[in-house]
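Okay, so here's the structure we're looking at.
There are 4 protein chains.
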Amino acid sequence: MQFTSDNAAAVHPAVWKAMMAADAADAPYDGDRLSRHLDETFSALFGRECAVLWVATGTAANCLALSALVAPHGAVVCHREAHIEMDEAGAPGFYLHGAKLLLADGDDAKVTPRTLAAVVDPIRDDVHQVQPHAISITQASEYGCVYRPEEVAAIAAFARGRGLGFHMDGARFANAVAHLGCSASEAAGDIDALSFGFVKNGGLGAEAIVFFDGEAAKAVRYRRKRAGHLQSKGRFLAAQILAMIEGDLWLENARVANAAAAVLAAAAPERLLHPVEANEVFFACTAAEREALRAQGFAFYDWGADAARLVTAWDARDEHVSALSRALAGL
Amino acid sequence: MQFTSDNAAAVHPAVWKAMMAADAADAPYDGDRLSRHLDETFSALFGRECAVLWVATGTAANCLALSALVAPHGAVVCHREAHIEMDEAGAPGFYLHGAKLLLADGDDAKVTPRTLAAVVDPIRDDVHQVQPHAISITQASEYGCVYRPEEVAAIAAFARGRGLGFHMDGARFANAVAHLGCSASEAAGDIDALSFGFVKNGGLGAEAIVFFDGEAAKAVRYRRKRAGHLQSKGRFLAAQILAMIEGDLWLENARVANAAAAVLAAAAPERLLHPVEANEVFFACTAAEREALRAQGFAFYDWGADAARLVTAWDARDEHVSALSRALAGL
Amino acid sequence: MQFTSDNAAAVHPAVWKAMMAADAADAPYDGDRLSRHLDETFSALFGRECAVLWVATGTAANCLALSALVAPHGAVVCHREAHIEMDEAGAPGFYLHGAKLLLADGDDAKVTPRTLAAVVDPIRDDVHQVQPHAISITQASEYGCVYRPEEVAAIAAFARGRGLGFHMDGARFANAVAHLGCSASEAAGDIDALSFGFVKNGGLGAEAIVFFDGEAAKAVRYRRKRAGHLQSKGRFLAAQILAMIEGDLWLENARVANAAAAVLAAAAPERLLHPVEANEVFFACTAAEREALRAQGFAFYDWGADAARLVTAWDARDEHVSALSRALAGL
Amino acid sequence: MQFTSDNAAAVHPAVWKAMMAADAADAPYDGDRLSRHLDETFSALFGRECAVLWVATGTAANCLALSALVAPHGAVVCHREAHIEMDEAGAPGFYLHGAKLLLADGDDAKVTPRTLAAVVDPIRDDVHQVQPHAISITQASEYGCVYRPEEVAAIAAFARGRGLGFHMDGARFANAVAHLGCSASEAAGDIDALSFGFVKNGGLGAEAIVFFDGEAAKAVRYRRKRAGHLQSKGRFLAAQILAMIEGDLWLENARVANAAAAVLAAAAPERLLHPVEANEVFFACTAAEREALRAQGFAFYDWGADAARLVTAWDARDEHVSALSRALAGL
């Protein structure tokens, strides 16, 4: 029973269906009928003009988005637990040509204007010091916590006040929106670019980079090709994304995953290390307890010596969730 | 009737089937059962130890392979019509951190030891001059021509003699092998790394980087992730590749494409600009003739003012090929 | 008797004097009194607002200047004999993060709107092709030839019409101005940035990057430090440059060098491969003739099998020039 | 009375003399008589084979040295107060093509095997995590403290055990050796490369990169030119360095600076924030106290809100040092 990650879950049947429907040859790269429909689809979803590029992975989405906001001699300010810092093998350094990540603190892997200021304000406008060019936050955060619209707004105001770009890593943006019960636009707020994830939510290999500033998107079209991310059969990536947006499948899938996490959280509320707002559950446990769970057939990651991480996905099976819930309660 | 490119052709049914069979969640990235089978499969195919990494595109395959052979202060020697020079948006400059491409001549987009020497030999061992670190050739070439094993061997000898790495861009390696009627190993010769293409030959979005030196592959595993090319549902890329290798589907598909090109070539032999050895036909024609062909429903690329390019794929339909053949003969 | 290069000539006494006068400790980097005087000095010289940064070498000057005009995914168009292409060890690839050099033709190592168009115009606005972002020309050219103001103006018009930046490598700008007998401003024309060379003209290790667009200079101040080119005792670089500008020493020195080259050119006019307009003489000669000259004590570079290059400097000694002139005439 | 930094102090008369003696034209770049003497000079000094390259700045020295030890996908482990992290404008990111700096703790800006292990050991051999490739320490440290030979040896053993390269930033290496009273070789220990600083110790603009592995130096010769750091009149850099080594001027100058710092330290021992072992004094003081000192004519840097930094140089004047000593005692 898999609770290791949502990143290797099955592909949703509607995604398969849309991909196969796209089989007939069309124009290569992003010249096909489906890819050309993305801007319109997301503009409708967000209620404002969007320029949208597909790529296969979240790392590529994050780094290409940031490449529009950060010069090689600049820096991105992000949480010290941010995916771009911890899990992308230095990809920002590659895509941004050596730009730095400056690390901010904050509970639940969420930054605040205060923790951002603690990083940004001591930096003198002095050529010896790397200057911040943009802020990147993760919605939902790496600890499965969600920025509320007013929190995003406060960070956006901070960014504007300091002349910084503002990017959102939305690998689990769907889970955040499902939790907030608001619109996609309200959950994103006044950002410049969003990495809108689908792979963890029922897709196969397609994420959307959503630019709310069309000018920024232009250079990234060149950079995407230059990074080897312009697939020639791009219609299959567009098909996945459109299938997820259509009929709000992205929200429906996220709700399933979030609900499963809530069930698990409810089983051992006193053990939770972070509020469970999306589809991740971090809970305190001993090595012996982890062993006991694994002996019952549950797969998951250790989180240091005294904790573990459970992740639920769109394809969570009720009986698995119930079984794990009981096991947690019984620890 | 599409003769524009093989890069947007349909996906072969066996590939779809293999992908869907891989749907059940497995370990993420390349830890799944299928990805872990790649080294063995290719080692069997080539009759020597291989280390194999999947990526989604030929550009990523070429550039990651070259990153194992070329330092940032070095250069790749390639034909001046090479895909890495002409069509990859400067991706080698990105992946190799500013290394140069040094351009060699040669008929049919094929280099020879003589044309390579004309580039390499005038370079003094002087820090002011960028030094060559590797050679890259394309099999089949950008003009649809195939290096014979003895030609590859001569280039390999040149590379060894000069202390240079040797990479082969095999976006249409299958077409080359089908033409030669030899083994994969004979067609590849003594190279260090091969970009083995599947997308143009019935795949959806998966190419194999085949290293014949396991040490070189090690750093590239890090570089692949760093470039955002390590897909979390990598099992679907491995599935495509294994489906293509199984039962020699790769060869079967390439034979179909090559045969269709041969039919077209035979229709207007006096117009051919290059020998037709793979699945591309370059032929002289006027703008009026191109217009006439398009009026009959044929899609293809112009090739400068006085020529055109036709590309056939694994899904070439006999009636389309026959129709175009008649149209060419009737020009 | 040295005619190898002007790049290793002695340092002018006025430069030494200015350096020693700057010995007393002042603010580090470019915060000292002399460095802060550069903008004003060059603004007066060019008759328009300048922002000026010192660096130690022409390669750093060229590449930092270009970094303000060219994005990593773009290209510089330059002559195929340009110093940035031939002699800088791939420095543009390093500083521009993999941007390409696109090579144009032209007599005497000079490009023209026609030869530039031959490179630029075939490039489609297609993400597969590297797009030009700037033009770089060398004044005087690598063959010792000088762009006349109307030639620069025509290239500037071409650049503006295509939306391209325009950089001038002025390693021998002084020699060009001395030849033209015009103002510095007329010789530079409507460029965005100039690498104004002093090392070949009596300096020790200081060149000026002159930006005619202050905004562009801002980022380059960060990039200069990031490249390790912000010397802490920068006052000694500023001192060199100011000493060269003061009393038009730069022009005086260049006139001496140019005059010496003219004497040599006059000795064998029928052998000249290029007009001798600055301080370089390229002349046809056999290996035996070169040997004969060297036997008489003259040092210089071969230029391929059938030619040689002579370079004169500000410290050319009349008796050496006369001796070589006689020897050339006597070949 | 300047106590701001040693980086803008005057140039030692012996250095001026050596530079002027090098004025006569010699071979350009590092082909001159003096540059060719460096390997031998340093091999004698360190009692083992060295390959030595000059550059103008410590930032260039550090980053070029590290470029021989760290691949673009790797990382350097250094103290979180290290100059390469704090004061070089992201230069390591530029020179190492996006490699990361991983930050270790330690008193007095010195790392230990324990603090290094705290950074290195949690890193799994997993492609998602940036792997350490080298360690860099600063001798003397950024807080003016000196690694004793046994401390360097322990770090070297740690590096060897983990397969990591080992670099020493010796911007104030002379001050460290002067403090230790040992040989240069003992103070450097078993490192791969040393940035041996001269600019802060009486030089004008020349530092030595000393490689104890000749193979590593080879690629760096290309990289130095590619970074625009190969000055054409390199003889003037070699002259500075040789003048400093000759007769142990480097040690003599460092002793003067260290002695001055010791005088200052003795004036207010209870205020010291770090042991004063080289030529830097960090001491606790209020804003009012700093103001009082400045009112008496002393220039220095604040160090946060509650401290200040004093730096002494080879040209420290006794009367200034005495005056400041009295002022400190009288606070």
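Residue numbers (full-length UniProt numbering), protein chains in the order written: chain A, 1 to 331; chain B, 1 to 331; chain C, 1 to 331; chain D, 1 to 331.
Heads up, the beta-carbon is just placed ideally off N, CA and C, and yes, glycines get one too.
- Within the region 203-221 of chain B, the residues whose Cβ lies closer than 8 Å to any Cβ of chain D are, in chain order, Ala219, Arg221.
- In this structure, the straight-line span from the alpha carbon of A/Asp26 to that of B/His79 is close to 30 Å.
- Residue-level contact by beta carbon holds for D/Val127 and chain A, with a gap shorter than 9 Å.
- Taking a beta-carbon distance threshold of 9 Å, B/Pro113 does not count as an interface residue toward chain D.
- Burial is judged here by how many other beta carbons sit within 10 angstroms of a residue's own beta carbon; A/Ser183 has fewer than 16 and is exposed.
- Annotation: C/His97 is outside any alpha helix (DSSP H) and is labelled neither H nor E by DSSP.
- Per DSSP, A/Cys78 is one residue of the beta strand (DSSP E) stretching across 74-79.
- Per DSSP, the continuous alpha helix (DSSP H) segment holding A/Arg294 begins and ends at 287-295.
- Among the residues of the region 90-115 of chain A, those with a Cβ less than 7 Å away from any Cβ of chain C are His97, in the order of the chain.
- Where D/Ala265 is concerned, there is no enclosing beta strand (DSSP E), although the alpha helix (DSSP H) around it starts and stops at 249-267.
- Cβ neighbours of A/Lys233 within its own chain (closer than 8 Å, five residues either side excluded): Pro28.
- Around A/Val52, the same chain offers Leu38, Asp39, Phe42, Ala208, Val210 as residues with beta carbons nearer than 6 Å, after the five sequence neighbours per side are excluded.
- Residues of the same chain with a CB within less than 6 Å of the CB of C/Asn62, apart from the 5 flanking positions on each side, are Ile84, Asp169, Ser195 in chain order.
- Closest in alpha carbon position to D/Ser67, among D/Ala56, D/Ala174, D/Ala99, is D/Ala99.
- C/Arg33 is the residue among C/Arg33, C/Arg326, C/Ser136 whose C-alpha sits nearest the C-alpha of C/Phe236.
- Taking C-beta atoms under 8 Å as the contact rule, D/Gln139 and D/Ala187 qualify, at a distance of about 7 Å.
- When the Cα atoms are used, C/Ala21 and A/Asp213 turn out to be separated by approximately 53 Å.
- Among the residues facing chain A, D/Met19 is not included, as its CB has no counterpart in that chain under 9 Å away.
- Listed along the chain, the chain C residues whose CB falls inside 8 Å of the CB of A/Lys225 are Val127, His128.
- Taking 9 Å as the threshold, the shortest C-beta distance from B/Glu88 to chain C falls below it.
- Taking a Cβ-Cβ cut-off of 9 Å, A/His229 has no neighbours in chain D, whose nearest Cβ is about 17 Å from it.
- As DSSP reads the structure, A/Gln139 sits in no beta bridge.
- Contact check between the region 294-311 of chain A and the region 243-252 of chain A: fewer than three CB pairs, one atom from each, fall below 8 Å, which does not count as touching.
- Relative to the Cα of D/Gly47, the nearest Cα in the group D/Gly189, D/Ala219, D/Leu204 belongs to D/Gly189.
- With fewer than 16 other beta carbons inside 10 angstroms of its own, A/Glu150 counts as exposed.
- DSSP links D/Pro132 through a beta bridge to D/Ala75.
- The Cβ of C/Trp314 sits no closer than 9 Å to any Cβ of chain D.
- The C-alpha of A/Phe173 is placed about 29 Å away from the C-alpha of D/His73.
- Between C/Gly202 and C/His12 a beta carbon distance of about 3 Å is seen, short of the 8 Å cut, so the two are scored as contacting.
- For A/Asp306, no Cβ of chain B is located within less than 9 Å of the residue's own Cβ.
- Near chain A, meaning a CB-to-CB distance below 9 Å, the residues of the region 48-73 of chain C are Ser67, Ala71, Pro72, His73.
- At the C-beta level, C/Asp315 and C/Ala91 stay beyond 9 Å of one another.
- Going by DSSP, B/Asp169 is part of no alpha helix (DSSP H) but of the beta strand (DSSP E) stretching over 165-170.
- Taken atom to atom, the span from the alpha-carbon of B/Arg226 to that of A/Arg221 is near 19 Å.
- For A/Tyr143, no Cβ of chain C is located within less than 9 Å of the residue's own Cβ.
- In summary, D/Thr57 is buried, with 16 or more beta-carbon neighbours lying within 10 Å of its beta-carbon over all protein chains present.
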